[in-house]
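Last residue of the sequence shown: 466 in full-length UniProt numbering, with the numbers rising by one and none dropped.
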Amino acid sequence: MSDSSLEDRGPRIGFDLGTLTLDLPQKAVEALALPFMVWDPRAELFRAHGYYYRELIRYFYKSQKPYQDQAAQYNRLEIKLQSPHAPRDYQKDAQTAWNRSKRGVCALPTGSGKSFLAQMIIADLGRSALVLAPTIDLVLQWQANLAESFGVPVGMLGGGSHEILDITVSTYDSARLYAEQLGPRFCLLIFDECHHLPAPGMAEMAKSFIAPYRLGLTATPPIDPEKQALLTDLTGPLVYQQQISQLSGLHLAPYRVETIEVELNPDERELYEHYRGVYLQFREGFSLLFRGNQPWSRFVLHAFKSKEGREALNAFRVQKDLAIGALAKFEALEELLLKHRGSRILIFTNDNKTAYRISSLFILPLITHETKAKERREVLANFRGGRWPVLVNSRVLNEGVDVPEAEVAIIVSGTATVREHVQRLGRILRKSAGKEAVLYELVTSDTTEIYASRKRRDHQAYAPFG
């Protein structure tokens, strides 16, 4: 084939290590209409992040200019969704909303079938798809569900596996490592728990893939304007949302939330007030020195420079530990375990120390981030099967891992973040006959836990409960 015939077919769009390439002369007219393309003088061609592929193809299509697409390496799939479950109305509505541009975020509560929505979209689109999830537990869960739903092998990237197939699941971290090689391989990207995406390393990973179609799934979309804007750039805007209160009772289990306040005993109170005072005294001096609302990180850096500052940081940690580990909390926990004997109960803590303490006191199975994958699978299998009806965890089950049998959640300690609290509630909301879910929150009175409790309950899911 002659050079002139190649030129008649238009410029070549390629992919090179996470970037699109376009072999146009530097002064080409087309470049003027493509502000995202940057001239690379060493290679003498234009480059752009991979995720501009959709916009680049659209430009040539609309302008009716010829081009050669040598970037896309994804395939058409002959697959059919093999599920006995019919889509629910809100899942159909979510798919319709996403289909308008085949980009965007669908925000649905935990337990409402976000993964089934993703399967509907994969089947309808019929193109190579990559599902990304934040943890290896979620990746294994996705792989099993997709293989069962489509009856085809599903590849996996992460946890020691590196098998790339037309439908593949990966951790965010593994996708980040291999994005430059896998960038042109998939037409559809599905970001599970997509609120993780607006982070520097993850955002760059998402930009390296050419996938023109993108779906974000989350129960808790970011509320920070900058994170919202970045997520919109990477996946598309929020196109559909349902709240827990809208689905409770019909598609999710009805639920109630109870906050149980406990008191520090006299010895604990004396220690708490002492260490709280040490911390506040130094903090007050910092506030006078640095006017305005300063970030915690700046306070920590300032405190580390002096003996008094380091003592204040230690005092902050001790008073926090006293509130988290109040003896009365463990007495209240024992009462709740007796009250709900025979129910499937998840106990949440914010730290490993408290989780191990509960596990030891009540002789209960435990999983933390330190638990090996094999042991974690065994523990979860025993919980799901009913052999071990109570499970202690320190934040491991906050996201995604499917424990539909759980009906009671007890929060012994947590952060002030709304997202974490909503995720923990979501763990017990999968609907089953006769089920009423209940979430208990154990809070120590007259400590900073009261503020944290009020702050994390700032969500419509908790509005009916004060």
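Heads up, the beta-carbon is just placed ideally off N, CA and C, and yes, glycines get one too.
At 3 residues or longer, and completely inside the UniProt domain "Helicase C-terminal" (332 to 466): list those beta strand (DSSP E) runs for me, N to C.
-> 345 to 348, 390 to 393, 408 to 411, 437 to 444
Under 8 Å by Cβ, that's how I've got Val169 and Gln143 pegged, so tell me the actual separation to the nearest angstrom.
-> 5 Å
If you count every other CB in all the chains shown that lies within 10 Å of the CB of Tyr279, and 16 or more means buried, which is it?
-> buried
Cα-Cα separation, Val257 to Val438 = 6 Å
Drop a sphere of 10 angstroms on the beta-carbon of Val387, count the other beta-carbons inside from all chains shown, and report buried for 16 or more, exposed for fewer.
-> It should be noted that the sequence gives Arg, not Val, for residue 387. Arg387 should be labelled exposed.
Identity of the residues DSSP links to Val106 by a beta bridge = Rather than Val, the amino acid found at residue 106 in this sequence is Cys. Answer is Leu217, Tyr240.
Proximity to Ala199 [Cα-Cα], best of Asp173, Ala211, Tyr356 = Asp173
Tell me, which residues are paired with Tyr255 by DSSP?
-> Ala437
If I'm right that Phe383 touches Val403 with Cβ under 8 Å, what's the distance once you round it to whole angstroms?
-> 7 Å
When the distance is taken between beta carbons, is Asn350 closer than 8 Å to Ser297?
-> no
Integer-rounded CB distance, given that Ser128 should sit under 8 Å from Arg185 = 6 Å
Which stretch, first to last residue, makes up the alpha helix (DSSP H) that contains Val38?
-> From DSSP, Val38 is part of no alpha helix (DSSP H) but of the beta strand (DSSP E) over 38 to 40.
Please confirm whether Val408 and Ser343 have their CB atoms less than 8 Å apart.
-> yes
Is there contact here, the stretch 88 to 105 with the stretch 234 to 243, by at least three beta-carbon pairs under 8 Å?
-> yes
Would you say residue 547 and Leu231 are within 8 Å of each other, going by their C-beta atoms?
-> The first residue shown for the chain is 1 and the last is 466, placing residue 547 beyond what the model contains.
For Val262, write down the residues that DSSP places opposite it in a beta bridge.
-> Thr444
Tell me whether Glu163 sits in a helix, a strand or coil according to DSSP, three-state version.
-> strand
Give a yes or no on whether 8 Å exceeds the smallest Cβ distance from Lys207 to chain C.
-> The displayed structure is made up of one protein chain only, and chain C is not part of it.
Do the CB positions of Arg88 and His251 come within less than 8 Å of each other?
-> yes
Those runs of the alpha helix (DSSP H) which lie wholly inside the stretch 55 to 131 and span at least 4 residues | 89 to 99, 114 to 125
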